[in-house]
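Heads up, the sequence shown is in UniProt numbering, so the first residue is 1 and it goes up one at a time. As structure tokens, the structure follows; a few thoughts come after it.
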Amino acid sequence: MPTNETFHGFVETTTDTLLIFEACRRGIFPKINRRLQERERGAVQSGTVYVFDERESGIKRWTDGFVWSPSRILGNFLIYRELDGRDSSADKRRANRIDMMLGGDTNNAPSTTTADRSRERALVGSLTTSYNFKKGGLIKKTMSIVVNGSPQHLISYYTKEDVLNNRLPTPSSIPELAQLEISPDLLLRQSFRIPPMTEHATADMMFDTKPIDFPSPRALALSPYPMPSMLLFYFYFYFYFYFFDLFTF
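Okay, here's the thing in structure tokens:
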């Protein structure tokens, strides 16, 4: 494995990402402080994870020597797939047209169950086959946050086969990492598309939660309870959800 990597494993969820950021903040894991050299780029493999601070490292654009597909948004992540050689502009225009016509979710492989397809999509970002993806190629998964005004970036690499065969540990499966208390700067001051507290096992899914029925304005108007009781009612629910958000991570 690369000697300068931050972590080796599979970053599955936003929580996994935040655990790695927290470990870097505490000095448990190292951050990258410069661009990768050529020999280091050649050592990138499935399971390699890098974290760097844009201000500290001076890295404005991450380069690794691979040829990647355009990014796909998956939950709070961006997903890229390794291509087998450089696509021409005509190939890219053709791929974009196919994606638009077919909704970007095509697959020529034998039909699989909905669960299998959902799991695969959570790993590759899209099941489209319009690009010349490298067989057994890497997948790059990235996320960025801002801490004290400085962008922090996580870059991870894996293959679909390694993840499906459980060859790569996730940060949340390692007790020493899972027990870390994540700093509020990392958790609460970010603009996540999907809040980590509602995120499920895959990056683009959320837990099903039972809705809470609040009384309608008409019901409140007809309520036999005096106003102080209703104020206590809302006071209770306010603090319930406040502490629920703090402690159900």
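We put the CB at the ideal spot given by N, CA and C, even for glycine. Remember, predicted model here, so these are calculated numbers, not experimental data.
Asked, Found
"Through-space distance from S130 to I20, alpha-carbon basis", "34 angstroms"
"T48 classed as buried or exposed, judged by whether at least 16 other C-beta atoms fall within 10 angstroms", "buried"
"Inter-residue Cα distance where the pair is S172 and T15", "7 angstroms"
"Exposure label - L177; buried when at least 16 CB within 10 Å", "buried"
"R34 in three-state terms, based on DSSP", "coil"
"Residue span of the beta strand (DSSP E) that contains D16, given as start and end", "Careful: D16 lies outside any beta strand (DSSP E), inside the alpha helix (DSSP H) at T14 to R25."
"Rounded straight-line distance, which links the Cα of F10 to that of W62", "19 angstroms"
"From D185, L123, L180 and G125, residue whose alpha carbon lies closest to that of V147", "D185"
"Residues bridged to K141 (per DSSP)", "I79 and S156"
"The beta strand (DSSP E) enclosing D185, as first and last residue numbers", "Taken as a continuous stretch (DSSP letters only), D185 belongs to no beta strand (DSSP E), being part of the alpha helix (DSSP H) at P184 to L187."
"Which listed residue (S46, D64 and H153) has its alpha carbon closest to that of G137", "S46"
"Which listed residue (E161, M143 and R41) has its alpha carbon closest to that of F192", "M143"
"I212 burial status per 10 Å Cβ neighbour count (16 or more: buried)", "In this predicted model, I212 has a pLDDT of only 36, less than 50, meaning its place in the structure is not dependable enough to derive any value."
"R26 vs L180 beta-carbon contact at 9 angstroms", "yes"
"Residue(s) in a DSSP beta bridge with F48", "For clarity, residue 48 is Thr in the given sequence; the question names Phe instead. In the DSSP output, where bridge partners are listed per residue, T48 has H8."
"Through-space distance from N4 to G42, alpha-carbon basis", "13 angstroms"
"CB-CB length for S57 against R34, believed under 8 angstroms", "6 angstroms"
"R41 - DSSP class collapsed to helix/strand/coil", "helix"
"Close Cβ partners of E12 (< 6 angstroms) along its chain, the five nearest in sequence each way excluded", "T170"
"Straight-line Cα distance separating D53 from I32", "8 angstroms"
"is_contact[T48, chain B] using C-beta, thresh 9 angstroms", "Of the chains in the structure shown, none is chain B; there is only one protein chain."
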